[in-house]
Structure formats: C-alpha cells, structure tokens
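Chains as they are written, first to last, in full-length UniProt numbering: chain A, 1 to 118; chain B, 1 to 118. Where a beta carbon is used, it is the ideal one built from N, C-alpha and C, also for glycine. All values reported here derive from a predicted model rather than from experimental measurement.
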DNA sequence: CAGGATCCGGGCCGATACTG
DNA sequence: CAGTATCGGCCCGGATCCTG
C-alpha cells in the first residue's frame, strides 16, 4: 500500500509483508505446481490449527498469491492453488530451501564434533 | 535446533526461523558488502527504535549471520558485517527485491486504472 | 555513540467447541 | 469436510528514560 504522497516503500519491506506469517512460506511451498485441499494442507503442516490455517490462507488469498475454489458438493471441497502472481515466490522458496539445508548441515557438523569430544 | 531423535525440520521452516523478524531482511540487505555502524543502521531504517534494533542485531549475531565488532574509543564505535555464512542470504534478498518490485508495479497499474475511471 | 532497563499494548498464534 | 466463533496467552515490537 502506497503512502499518501504516492510513493512506495522499500521493495524488501514490501516482500516481507507478503510472506510474513509463521506458516506462509511453508504453505506456498506445498502449493508449488499442485492443487491442495484444506484438509491436505492441514495434515501437511503438523502443529497448525484449522483456525490459524484459515487465517493465513485468507491473507495469502487477499494478497493475490493463492486462489481458493469452492466445489459445493456434500461434503464440500475447497481447492487452493498458487496464482500466476504467486508463482513469483518460487525463486524465494528455492533459495530458502538452500539456506535451510546449509544451516542444517552446519548444525550436523557441530553435533558430530561435540560427539567426538566426549 | 534438532529434535530429540536427531532429525531436523523442514528446510523451509529452518530458513523462516532465521529471517523472521520485522527488520531482519532489511538489515541483511543494508549490510550487503558493507560495514555499517549502529547509528547508521538506525538512520537507514526509519521507524525502528534503538531497543528493537539492538534485539534484532543480537539475534542475527547469535544465528551466525552477522558479526559485531566493538572499537573501544570514546565515543565507542560498533561495526556490523555479514559473516560468510550470512552471505548465503544474499540470493534470498535478491529474490525478495524482485518480488517487491513486481508487487509495486502491479499496485501502480491498479492505481493508474482507478485514476482513469474517475 | 551505542546501547541497557523498564513498562506496556497489540496482534499473532493456538486450543477448544460448534456448524452447514 | 472445511470451516466459524470465542477465548486467552505470550511474545514481538515500540515508547520512554537512563548510562559508560
């Protein structure tokens, strides 16, 4: 959202706002190239409650990152997809995965070293 | 941090933990290839208090992303740098900037369209 | 100059119960 | 199945004042 003078904030901050939320990056990741149902996402993210999951999904939808499609059957079915705009987030996720892996292997080293010293 | 069974979480979540914090991505961005002093960072991020800035810097330091160097002059001088490990975050920042720019130009379009309709 | 100490408010997140 | 409704805790972030 622009300031009153019509200017916009730093691109970094803008991006931060879009993906900030404890589960959003994970959700975007799980929706890469796949349609997922609500319950599916709920199972894929152990620890998230349905309430919080709903809120995060709604925010992503409002930001134009994902789309939500309701199929009015009984029982109902709701599908989530990445939008075209949302696919712009893919490179970020890829880099986050790389970073996470680097970090994990670094921790493994430390742990292995500690074991060697005891 | 690993679980008790020695396994590690999803790389995405690990990365999220590292960069989550309202000002962290901005701080990492401002430290790309440059040494910066505390006051400098404080001026570069309008809106952040010294207290919060300190906390965020300390967390980044604890995670091994930045280094903190004190030069005991009067008045004191404290320099911050990205560590070698921290430079692993550069690709993420680049992608976040791209994303932010896409988003900003998209909002500009909408605003221009609205102006045309009124 | 670069913080530490203290207080505080909000919203982020989660648990539980209920529903079309 | 895919949510809503309600409640509550807790921590993040901010304001203010103080210091070597």
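Practice task
Enumerate, from N- to C-terminal direction, the unbroken beta strand (DSSP E) stretches of 3 or more residues contained entirely within the stretch 59-95 of chain B.
Solution key: 66-71, 77-82
Handout entry: Rounded C-alpha distance that separates residue 4 of chain A from residue 77 of chain B
Key = At residue 4 of chain A the pLDDT is 47, less than 50, meaning the model places this residue with poor confidence; the figure from the coordinates comes in the next sentence. Roughly 37 Å between the two C-alpha positions.
Exercise for the section: Within 10 angstroms of the Cβ of residue 100 of chain B, are there 16 or more other Cβ atoms? Answer buried if so, exposed if not. Expected result: buried
Exercise for the section: Name the two residues that bound the continuous alpha helix (DSSP H) containing residue 48 of chain B. Expected result: It is not in any alpha helix (DSSP H) - residue 48 of chain B carries neither H nor E in the DSSP assignment.
Exercise for the section: Specify, as a first and last residue, the run of the alpha helix (DSSP H) that residue 31 of chain B falls within. Expected result: Segment: none, residue 31 of chain B is in no alpha helix (DSSP H) and carries neither H nor E.
Problem - For residue 71 of chain B and residue 81 of chain B, believed in contact at Cβ under 8 Å, the rounded distance - result: With a Cβ gap of about 13 Å, residue 81 of chain B and residue 71 of chain B do not count as contacting.
Handout entry: Whole-angstrom distance between residue 90 of chain B and residue 79 of chain B, CA atom to CA atom
Key = 19 Å
Handout entry: Nearest-angstrom Cα separation, counted from residue 38 of chain B out to residue 51 of chain B
Key = 11 Å
Exercise for the section: Could you name the residues of chain B that residue 88 of chain A contacts, counting a contact when the two beta carbons are closer than 7 Å? Expected result: 99, 102
Handout entry: Whole-Å CB distance - residue 12 of chain B paired with residue 96 of chain A, under 8 Å assumed
Key = 6 Å
Exercise for the section: List the residues of chain A whose Cβ lies closer than 9 Å to the Cβ of residue 26 of chain B, in chain order. Expected result: 10, 12, 13, 16
Practice task
Measuring alpha carbon to alpha carbon, tell me which of A/75, A/105, A/45, A/73 ends up nearest residue 29 of chain A.
Solution key: A/45
Handout entry: Listed by chain order, chain B residues near residue 92 of chain A by CB distance under 8 Å
Key = 92, 95, 96, 99
Handout entry: Partner residues on chain A for residue 29 of chain B, Cβ-Cβ distance less than 7 Å
Key = 12
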